[in-house]
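The structure under discussion appears below in the form of structure tokens.
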Amino acid sequence: MSICLSSLILLPIWISMAQIQQGGPDEKEKTTALKDLLSRIDLDELMKKDEPPLDFPDTLEGFEYAFNEKGQLRHIKTGEPFVFNYREDLHRWNQKRYEALGEIITKYVYELLEKDCNLKKISIPEGYGVIVLNPNENYIEVEKPKIHLQSSSDSSDEPAEKRERKDKVSKETKKRRDFYEKYRNPQREKEMMQLYIRENGSPEEHAIYVWDHFIAQSAAENVFFVAHSYGGLAFVELMIQREADVKSKVTAVALTDSVHNVWHQEAGKTIREWMRENCCNWVSSSEPLDTSVESMLPDCPRVSAGTDRHELTSWKSFPSIFKFFTEASEAKTSSLKPALTRRSHRIKHEEL
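Heads up: the sequence shown at position 11 corresponds to 685 in the numbering used here, and the numbers run straight through without jumps.
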């Protein structure tokens, strides 16, 4: 049953209460009875009425979905993309179905990274040859423990009858609060709390942690970064916090549609100068790949990623990024300063 329908059910009750409260003392009993009725309504049960069981498949095939040759999720029978509103007027059920399918897809992506990309999934503090950071996972959600506070009136000298009245009022107040909270947010079944991961409570903290514990201690002579979107901001923050170390170890940085801002992040002059020489930002643009794009910030060159879709900028610009890294590495080996700010030519699609 949808929230809208629940509102239609409860609205006449609120109107009736408003009308009764305008009456005289004789109406108090009716008001009390209606309040009692409201306190007895279980919104969870109201929302779950006529709702199918939350019993979902544990495989893609069970959901009748599969990934096609282009890596797109499509329905096996219809060929259509995923549809959230699988059942009309059952938002809660649709959300649970979406979450169940999401868990399966997450496992599937991990399997692809391990099988097709030859990556190995291990937990910190083990190391990598190629390090894939996970700056978005900063906390875990756990059920919030219920804290039962002892009533302060228990230790007082109040008469038992008065204490019972106060306890009753307190319980009724809690019932009303819980009721309206459930009405406001019917999908939340449990009170949850976030436990932040130590030293990894934000993308910026995560980048610094991985740098300190893995990259800085590695034997690699040429370190390259590919930082997408907010990852660019995290890299700039890493430079601010570990400027000398980053300059001594990092050869080149490829940003893809980065959202960093050297002014807001208060990056110093020496950092901005280093970024102009050693970084390049492939941004979303309808222009051909590697076409120069004007920048308002004095940090690093901006060129087109060959797509105007933010999520595809890394994939579309990979050929240019690896060419960029190769040139930087060769220049470093020959002890020549790489002219990274001048993209003398644009890689043609035919050459790719």
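Positions of the beta carbon are idealized from the N, C-alpha and C atoms, including for glycine.
Look at V933 here: in three-state DSSP terms it is coil, with no helix or strand label. Out of R761, K744, T733 and E738, the CA that lies nearest to the CA of P727 is found in R761. For the set R766, E815 and M949, the Cα lying nearest the Cα of I871 is the one of E815. Taking 8 angstroms as the upper bound for CB-CB distance, I805 and F888 are in contact here, some 6 angstroms apart. Q868 has E815 as its beta-bridge partners, per DSSP.
Taking the C-beta atoms as reference points, A918 is found no nearer than 8 angstroms to A908.
For Y739, the enclosing beta strand (DSSP E) has its first and last residue at Y739 to F741. Taking all protein chains shown into account, T981 has 16 or more neighbouring C-beta atoms within 10 Å of its C-beta and is therefore buried.
With three or more CB-CB distances shorter than 8 angstroms, the stretch 979–997 counts as touching the stretch 956–970. N952: member of the alpha helix (DSSP H) spanning K943 to N952, first to last residue. Considered as a whole, the stretch 879–920 harbours 897–902 as its complete beta strand (DSSP E) runs of no fewer than 3 residues, in chain order. For the pair L971 and M949, the Cα-to-Cα distance works out to about 11 angstroms. In the displayed model, T752 falls within coil according to three-state DSSP, outside both helix and strand. Taking every protein chain shown into account, the CB of V977 has 16 or more other CB atoms within 10 angstroms, so this residue is buried.
Between the stretch 983–993 and the stretch 929–939, the count of Cβ pairs shorter than 8 angstroms is three or higher; the stretches touch. By the CB criterion at 8 angstroms, I778 and T733 fall inside the cutoff. The residues V910, I945, R946, M949, L971, P972 and D973, in chain order, have a CB closer than 8 angstroms to that of V936 in the same chain once the five nearest residues on each side in sequence are set aside. With a cutoff of 8 angstroms on beta-carbon distance, N812 and G875 are scored as near each other. With respect to the 8 angstroms criterion, R771 and F730 are classified as neighbours on the basis of their beta carbons.
Of the candidates Q939, K820, E817 and L793, the residue whose Cα lies closest to the Cα of L807 is L793.
In this chain, the alpha helix (DSSP H) harbouring S994 covers T987 to T1007. In summary, L869 is exposed, with fewer than 16 beta-carbon neighbours lying within 10 Å of its beta-carbon over all protein chains present. At a cut-off of 4 residues, the continuous stretches assigned as alpha helix (DSSP H) that sit fully inside the stretch 765–806 are 765–789. Each residue's CA atom was taken as its position, placing L787 and I882 some 24 angstroms apart. Taking the CA atoms as reference points, Q746 sits about 43 angstroms from G942.
Rounded to whole angstroms, the gap between the alpha carbons of E951 and N810 is 29 angstroms. In this model, K751 and C954 are separated by some 44 angstroms (Cα to Cα). For S959, the three-state secondary structure derived from DSSP is coil.
Here the C-alpha atom of V967 lies approximately 19 angstroms from the C-alpha atom of A926. Per DSSP, S876 lies in no beta strand (DSSP E) and is assigned neither H nor E. Inclusion of V897 and K923 in the CB contact set at 8 angstroms is warranted, their separation being smaller than that value. By the neighbour-count criterion, in which a residue is buried when 16 or more other Cβ atoms sit within 10 angstroms of its Cβ, R916 is buried. When K818, A1005 and V920 are compared, the shortest CA-CA separation from Q891 is found for V920.
Collapsing the DSSP output to three states places S922 in a helix. Between the beta-carbon of L764 and that of E725 there is about 6 angstroms, and that keeps the pair under the 8 angstroms contact cut.
For R976, the three-state secondary structure derived from DSSP is strand.
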